[in-house]
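Trainee:
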Amino acid sequence: MTTKIELRRMTFYAYHGVAPQETRVGNTFIVDLILTAPLENAVWSDDLSNTINYATVYETVKAEMAIPSRLLEHAAGRILKALKERFPQITEVELVLSKLNPPFGGDIHSASIILKESFLSV
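Structure (structure tokens):
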């Protein structure tokens with residue numbers, strides 16, 4: 459059985475960016491996350507200790523988003539690393555980090571980075 463947890467449209471105001479204005483004014487960012495882990499026991503036990511606590515995942519993402527980065531890639535990589543350290547049972551992470559209305563001088567909804575990483579089972 460494959461078990462995936464999805465947290466969609468986690469929205470944060472943060473100070474990621476290369477331009478000086480981005481680090482002063484900030485912007486809105488959206489994180490979409492899919493975690494894969496062997497959580498079959500939770501399916502049958504109805505016990506929180508057999509799964510990954512969604513609220514703790516959110517707090518982990520929130521803590522990393524609060525640390526300014528110049529690059530979306532760097533912020534996304536930190537989130538991925540923090541999640542794997544906090545939840546060693548994760549076997550795969552797909553993370554989309556989007557910056558809304560990036561300052562490109564044109565009409566653009568968002569710019570995004572997508573990271574997908576699989577981890578070997580220990």
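Residue numbers for the sequence shown follow this note's numbering, so the first one is 459 and each next one is one higher.
All residues carry an ideal CB built from backbone N, CA and C; glycine is no exception.
As the structure is a computational prediction, the values presented were derived from the model and not from experiment.
1. Under the three-state reduction of DSSP, which class applies to residue 566: helix, strand or coil?
2. Compute the Euclidean distance between the alpha carbons of residue 576 and residue 494, then round it to the nearest angstrom.
3. Applying the 10 Å Cβ sphere with the 16-neighbour rule, what's the burial state of residue 567?
4. Out of curiosity, what's the CA-to-CA distance linking residue 535 and residue 571?
5. Please return the same chain residues whose Cβ sits closer than 6 Å to the Cβ of residue 523, not counting the five positions on each side in sequence.
6. Hey, is the region 502-520 in contact with the region 530-547, meaning 3+ C-beta pairs nearer than 8 Å?
7. Look at residue 490 and residue 554 and say whether their C-beta atoms are less than 7 Å apart.
8. May I have the straight-line CA-CA distance separating residue 561 from residue 474, to the nearest angstrom?
9. Does DSSP classify residue 516 as helix, strand or coil?
10. Tell me which residue opens and which closes the beta strand (DSSP E) that residue 509 is part of.
Mentor: Straight from the coordinates:
1. coil
2. Those two C-alpha atoms are separated by around 9 Å.
3. Residue 567 is exposed by the Cβ-count criterion.
4. Their backbone Cα atoms lie some 10 Å apart in a straight line.
5. 470 and 472
6. yes
7. yes
8. Their Cα atoms are separated by approximately 12 Å.
9. helix
10. Residue 509 -> no beta strand (DSSP E), and no H or E assigned at all.
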